[in-house]
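K.L.:
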Amino acid sequence: MKSGSRLEKILAAGHFAVTGELGPPRGADVEVIKKKAEHLRGVVDSINVTDNQTSVVRMCSMAVCKILIDLGLEPNLQMTCRDRNRIAIQSDLLGSYALGIRNVLCLSGDHNKFGDHPQAKNVFDVDSMQLIQIVKKMRDEGKLLNGQECEGKASFFIGAAVNPFGDPFDFRPIRLAKKIAAGVDFVQTQCIYNMEKFREYMKRVVDMGLAEKCYILAGITPLKSLGMARYMAKSVPGLDVPDYYLKRLQGVPKDKQAEEGIKMAVEQVQEIREIPGVAGIHLMAIEWEHRAKEIIEAAGLLPRPEVN
Amino acid sequence: MVVAERKPIQEIMAMVAEYNKILLVGCKGCVTVCCAGGTKEVGILASALRIARKKEGKPLEIVERTLERQCDPEYIEQASDVIEKDGVEAILSMACSVGPQYMAKRYNIPVYPALNTTFIGGALEHGVWAEFCQACGNCIIHYFGGICPVSRCSKSLFNGPCGGSAKGKCEISPEVDCAWQLIYDRMKDLGKLDELAKVFPVKDWSTSRDGGPRKVVREDMKL
Ligand code: SF4
Ligand code: SF4
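In the order they appear, the protein sequences are chains A and B. Offset between the first sequence (1-based) and the numbering used here: plus 1032. Offset between the second sequence (1-based) and the numbering used here: plus 59.
#1: From this set, PHE1197/A, ILE1206/A, GLY1141/A, which residue's C-alpha is nearest LYS257/B's C-alpha?
#2: Count the CB pairs spanning the stretch 1206–1223 of chain A and the stretch 1279–1288 of chain A that are closer than 8 Å, and state whether there are at least three.
#3: May I ask you to report which of helix, strand or coil DSSP gives PRO1274/A?
#4: Helix, strand or coil: how does DSSP classify CYS1223/A here?
#5: Ligand 1 heavy atoms versus the CB of SER213/B: any closer than 7 Å?
#6: Tell whether a beta-carbon distance below 8 Å holds between LEU1100/A and ALA1069/A.
#7: Report all residues from its chain with a CB closer than 7 Å to the CB of LYS80/B; omit the five preceding and five following residues, and keep chain order.
#8: Under a criterion of Cβ closer than 6 Å to any non-hydrogen atom of ligand 1, which residues qualify, in chain order?
#9: Within the 8 Å Cβ cut-off, does ILE1190/A reach chain B?
#10: Given GLY1293/A, which residues of its chain have a CB within under 6 Å of its CB, disregarding the five upstream and five downstream residues?
#11: So within the stretch 1246–1275 of chain A, which uninterrupted alpha helix (DSSP H) runs reach at least 4 residues, ignoring any that extend past its ends?
#12: In the DSSP assignment, find the unbroken alpha helix (DSSP H) run with MET72/B in it and report its ends.
#13: Apply the 10 Å Cβ neighbour rule to SER265/B and answer buried if 16 or more other Cβ atoms are within range, or exposed otherwise.
#14: Mapping DSSP to helix, strand and coil, what is TYR171/B?
#15: Is it right to say LYS262/B is buried, meaning 16 or more other beta carbons lie within 10 angstroms of its own, or is it exposed?
#16: Quick one: give me the first and last residue of the beta strand (DSSP E) that LYS114/B is part of.
#17: Verify whether the separation of the beta carbon atoms of ALA1192/A and SER1160/A is less than 8 Å.
#18: Considering only C-alpha positions, which residue in the set VAL92/B, ASN167/B, GLY223/B, LYS251/B is nearest to GLY205/B?
#19: Give the single residue among LEU1137/A, ARG1116/A, ARG1090/A, ILE1119/A whose Cα lies nearest to the Cα of ASP1148/A.
#20: Counting only the same chain and skipping the five closest in sequence on each side, list residues whose C-beta sits under 7 Å from that of ILE200/B.
#21: I'd like to confirm something about GLU230/B: is its beta-carbon nearer than 7 Å to some heavy atom of ligand 2, or not?
#22: Which residues mark the beginning and the end of the alpha helix (DSSP H) in which LEU1208/A is found?
#23: Would you kindly work out how many angstroms separate the C-alpha atoms of VAL275/B and SER267/B, rounded to a whole number?
#24: Give me the chain B residues within the contact set of ASN1195/A, using Cβ-Cβ distance strictly less than 7 Å, ordered along the chain.
#25: List, in order along the chain, the chain B residues whose C-beta lies closer than 9 Å to that of LEU1177/A?
#26: Short of 6 Å in beta carbon distance, which residues of its chain neighbour ALA163/B, apart from the five on each side in sequence? Order them along the chain.
#27: Using a cut-off of 7 Å between C-beta atoms, extract the partners of GLY1147/A located in chain B.
#28: Can you list, in chain order, the residues of its chain with a C-beta nearer than 6 Å to that of SER1037/A? Leave out the 5 residues immediately preceding and following it.
#29: Any chance the CB of GLU1040/A is under 7 Å from a heavy atom of ligand 4?
#30: Roughly how many angstroms separate the alpha carbons of GLY85/B and SER152/B, rounded to a whole number?
#31: Under 8 Å by Cβ, that's how I've got GLN1110/A and VAL1081/A pegged, so tell me the actual separation to the nearest angstrom.
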């Protein structure tokens, strides 16, 4: 065991893992977090806490992770390179570990141009690959980036994100290989809609022997409506939503589209479970935490296994 | 070269509002090449200011000059005749932002920048310039097929495209090329794709602006 986190234990035991996601509030209200968190209790093995996602200011990931720990839930701290230099990153990592956080997801972060403070000075001192190296060095060598010994190791389970649909497609498996070389233990993928392309990606990844070196959790985001599907297809860079889904939602009355979206998500989970090399799913039910359970349940993934 | 563009006329008008006589000084260096502050642009701005001020009923006298360069004390000196004898009240510099700083250092009257210095770049086509370098102080483009990831990738990534790269464009805008698509294509053409499979370690930014204001000393050149 590297970190002893619940997520690590589930994966190490060979269970099909389920992770969820919680977006912190745009404010200081703890109740919002508690409410969202309760919907995920017993439903997922670990909860990603986003780090100012889409560059919009929100309560910090570290604080929300600590609140989840206090609620008896396991968090997965997201850490982006956009807002911190290597000094802040390492300091935040040490603090997070001290608070009981055991999973870290290393991300470059969305560009600040999209967010609510496009005038901000961004950082990008290190990239996500280098961030993985920093966390690994802390954990395996007990050292900071500059080689200095830490007083107490921070033993994290190291995660990263991968996008099988970003361009150039041929480079994507290589980039995963790089993340593994840098020290990643698990990755969560961008939301998958184009199953065919994902299969092709996974085939290459498995052929390269990468699926044995790192756990791959496939990203699922239920489409709540035709409007959302259109938005995801058009406006989210690097996301691939085939026409099939748009057409399918188009054929459903507005008030039934949410149900259809859930049905589609369940089908996706079932399809993904059949793909070799996939170790679990990462359910990003954006502002739909209360519906996560239905999806996981219908996909036959409840109850979650016990590990200790 | 250093690429710059002229500030909006209203902003410049406000800068010189209180003066009756100014020196409008251009530069024959980079800003001439990027058509922002050469002799021609000095002439255009001077006419525009004169006309606008005449309309306001408060005529502005403008002495026009274009120096060889404004980033060298030797050439800055060449403006001393006008400034010291001609009753010039302020200087409006059309050089990159080094120019007004040099003018301000040499002459004891107010100096205003008429340009915004934008980046180190090159011309893509006539009238279009793009950023190519952030002067990080330790050039590494040879690892990336001659394409700079520091300045041309929106997130300065060293290890491949982020998840937002789509159809050759950067996630921030369909107008911006994804530097990593360019790097990938170029390395592929060169038969060097395997070099991109290495993990590129963290960069030492101390040679960049992060090490504080920089200085180059060439002992062999000193007099
Ligand atoms: S690597 Fe540094 S010096 Fe070279 S082009 Fe990029 S920013 Fe400029
Ligand atoms: S899309 Fe390409 S250029 Fe833009 S931030 Fe990502 S890797 Fe860099």
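For every residue, glycine included, the Cβ atom is placed at its ideal position computed from N, Cα and C. The structure presented is a predicted model; accordingly, all values stated were derived computationally and were not measured.
P.N.:
Judging by the given coordinates:
#1: ILE1206/A
#2: no
#3: coil
#4: strand
#5: no
#6: yes
#7: GLU120, GLY146, VAL147, GLU148
#8: CYS192/B, GLN193/B, ALA194/B, CYS195/B, CYS198/B, ILE199/B, ILE200/B, CYS207/B, VAL209/B, SER210/B
#9: no
#10: PRO1254, LEU1255, LYS1256
#11: 1258–1267
#12: 68–74
#13: exposed
#14: strand
#15: buried
#16: Segment 98–114 is the alpha helix (DSSP H) holding LYS114/B; no beta strand (DSSP E) there.
#17: yes
#18: LYS251/B
#19: ARG1090/A
#20: ILE206, CYS207
#21: yes
#22: 1204–1214
#23: 12 Å
#24: GLY222
#25: VAL261
#26: VAL170
#27: By Cβ distance, chain B contributes nothing, its closest Cβ being about 11 Å from GLY1147/A, past 7 Å.
#28: ARG1134, ASN1135, PHE1189
#29: Absence of ligand 4 is noted for the structure shown, with ligand 1 and ligand 2 being the only ligands found.
#30: 6 Å
#31: 6 Å
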